[in-house]
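Throughout the sequence shown, residue numbering follows the UniProt record's numbering, covering 1 to 354 in sequence.
Note that beta-carbon positions come from the ideal geometry of N, C-alpha and C, so glycine has one too.
What you are looking at is a predicted structure, and each value in this text was computed from that prediction instead of being measured.
Here's the structure we're looking at; comments come further down.
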Amino acid sequence: MMYFDKHRGIAMGITSLGRTLAGFLFPQFLLYLKDTYSFHWSFFILGAISINITPLTYLLKEPQWCKREKQCGPTASIHTTSSGCTTELSIHQQEHQRIKTPVQRLPEYSWTLSSMLCTPIFYVIVLSSAVTSAFEILFMSSMIDFCQDKGLTEDDAVWLASYFNLTDILGRLCIPLLADRRFLRRSTLLMLIQLLMASVMVSAPYATTYWSLAAIEAFAAILVSSGTVMHDVLAVDYFGLEKLSMVYGVIGVVRTPLQLCNPLILGFFRDRTGSYNDMFRFLAGMLYFLGVLWLAVVCSERRNLACVSPFQRQDSSTPKNGRKSIGPAANSERANSPTASPSQVSPERVVYGL
């Protein structure tokens, strides 16, 4: 994430392709290991491969342009020569030592857990990300049985799962480009994704043919994968890279109970109602609720943006050298300026006042 700013969404989508590609490659690879070396030795070989991949993580280093400027403060060397009542002092100023001036700075907000807990957008991101993750597991766990309930054979239902992986790649690579190319704001795009995902879930009970079920699964995969990417990107936009691990930790705390309840939810709708139709309607209601939350965020951002006059927008985004600065670096400079007002800060920053 430190290497990308303008195309941060597509970069996050590419980095998350590993899980999708693993769905294509690892089942066949594990089946080959099982048939060749037995089930016990398959785990041993897989563990050995994982251990040898670990050193690759040491190749990841912090980019030079993201390192903060470091310089030593002035020091004084005092030499005294005493002769009677005479003392001679000679003070030398140590030369500043600085690393390269950063081209792009990280947001310099001193976020703490207590301050984030007082921020409404923090709850929106955590809840939206946790529910989206739980929704993906529920959808994938029930799709094969749901297709069989609609009259498809087991082989056809299994083949439909491949559509999910194929269109998952499309969602991770193509949909975030709409925000990276500035056709839509990232928060606006996530709002549309949640609302469209809810609409797909509402229409799922009415799908009865093979191709209609394939379309439902394909659209759901596109929206879920792109929504997962946009949650990560927006977490960086709102709180900065330095606090991303803290945000991930809180999301994991909220997501774990939801995922533990997934079997209970599946069993309740399957055993009590006899089908998954009502479960999809239940998921659609949750997604519509998240869409309304993001709609409030988008409206707040637009309201804050409307308070900025065109002259202020141009003046706040154009430095003295005449070059326009965009992205989180520009937001950080405007927000940390001693004369910056709330109307001069980008909506990603002022939305905290929701």
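(request) Please report how far the alpha carbon of Ser279 lies from the alpha carbon of Leu195, in whole angstroms. (result) Note that residue 279 is Met in the sequence shown, not Ser. Within the model, the alpha-carbon separation for Met279 versus Leu195 is close to 17 Å.
(request) Could you spell out where the alpha helix (DSSP H) holding Asp145 opens and where it closes? (result) First-last of the alpha helix (DSSP H) with Asp145: Pro120 to Asp149.
(message) Taking a contact to mean a Cβ-Cβ separation below 9 Å, would you say Thr228 touches Ser133 in this structure?
(response) Going by C-beta atoms, Thr228 is nearer than 9 Å to Ser133.
(request) Could you check what DSSP says for Phe164 in three-state terms: helix, strand or coil? (result) Phe164 falls in the helix class under three-state DSSP.
(message) If you reduce the DSSP assignment to three classes, tell me which class Ala207 lands in.
(response) Here Ala207 carries a coil assignment [DSSP, helix/strand/coil].
(message) By the DSSP assignment, the alpha helix (DSSP H) with Arg281 in it spans what residues?
(response) Residues Asn277 to Ala306.
(message) So within the region 193–243, which uninterrupted alpha helix (DSSP H) runs reach at least 4 residues, ignoring any that extend past its ends?
(response) Qualifying alpha helix (DSSP H) stretches, in chain order: 210–239.
(message) Given this structure, state the Cα-to-Cα distance separating Thr153 from Ser275, to the nearest angstrom.
(response) Taking the Cα positions, Thr153 is about 17 Å away from Ser275.
(request) Note down, in chain order, each residue of its chain lying with its Cβ closer than 8 Å to the Cβ of Gly285, except the 5 sequence neighbours on either side. (result) The beta carbon of Gly285 sits closer than 8 Å to the beta carbons of Ala198 from its chain, once the five residues preceding and following it are set aside; these are given in chain order.
(request) For my contact list, Met140 and Phe164 are in at a C-beta cut-off of 8 Å; report their separation, rounded to the angstrom. (result) Cβ atoms of Met140 and Phe164 come within 8 Å of each other, at about 7 Å.
(request) For Ala157, I'd like the list of residues in its chain whose CB is within less than 7 Å of its CB, leaving aside the five on either flank, ordered along the chain. (result) Cβ within range, chain order: Ile144, Cys147 and Gln148.
(message) Going by beta-carbon coordinates alone, are Ile125 and Leu234 separated by less than 9 Å?
(response) Yes; because the gap between Cβ atoms is below 9 Å, this pair is in contact.
(request) Helix, strand or coil for Leu152, going by three-state DSSP, please let me know. (result) Looking at Leu152 - three-state DSSP - the assignment turns out to be coil, as it is neither helix nor strand.
(message) I'd like the span of the alpha helix (DSSP H) that includes Gly274, first residue to last.
(response) Secondary structure note for Gly274: it is in no alpha helix (DSSP H), with a DSSP letter that is neither H nor E.
(request) Would you mind reading off the limits of the alpha helix (DSSP H) that contains Leu178? (result) Per DSSP, the unbroken alpha helix (DSSP H) holding Leu178 starts and ends at Ile175 to Asp180.
(message) At the level of alpha carbons, what is the spacing between Glu136 and Ile222?
(response) Cα to Cα, the separation comes out at about 11 Å.
(request) Mind checking which residues open and close the alpha helix (DSSP H) that includes Phe269? (result) For Phe269, no alpha helix (DSSP H) run applies, since DSSP gives it neither H nor E.
(request) From the DSSP output, in three-state form, read off Lys320 for me. (result) For Lys320, the pLDDT reaches just 42, beneath the cut-off of 50, and the residue's location in the model is therefore unreliable, although a value from the coordinates is still provided. In the three-state reduction of the DSSP assignment, Lys320 falls in the coil class.
(message) With H, G and I counted as helix, E and B as strand and the rest as coil, what does DSSP make of Leu170?
(response) If DSSP states are grouped into helix, strand and coil, Leu170 belongs with the helices.
(request) To the nearest angstrom, report how far apart Ser245 and Ile265 are at their CA atoms. (result) C-alpha of Ser245 to C-alpha of Ile265: approximately 29 Å in a straight line.
(request) Run the CB neighbour count on Phe269, radius 10 Å, all protein chains shown included, and call it buried at 16 or more, exposed below. (result) Per the 10 Å Cβ criterion, buried.
(request) Give every residue of the same chain whose Cβ lies closer than 7 Å to the Cβ of Phe219, excluding the five residues on either side of it in the sequence, and list them in chain order. (result) Val200.
(request) Identify whether Leu31 lies in helix, strand or coil by the three-state DSSP scheme. (result) Correct three-state label for Leu31: helix.
(request) Leaving out five residues on either side along the sequence, give the residues of the same chain with a beta carbon under 7 Å from the beta carbon of Ile251. (result) Around Ile251: Val126, Ser129 and Ala130.
(message) In whole angstroms, give me the CA-to-CA distance for Pro263 and Ser142.
(response) Pro263 and Ser142 have their C-alpha atoms roughly 10 Å apart.
(request) With a threshold of 8 Å, establish whether the CB of Val126 neighbours any heavy atom of the ligand GDP. (result) You won't find the ligand GDP in this model; it holds no ligand whatsoever.
(request) Assign Pro176 to one of two classes, buried (16 or more other C-beta atoms within 10 Å of its C-beta) or exposed (fewer than that). (result) With 16 or more Cβ atoms within 10 Å of its Cβ, Pro176 is classed as buried.
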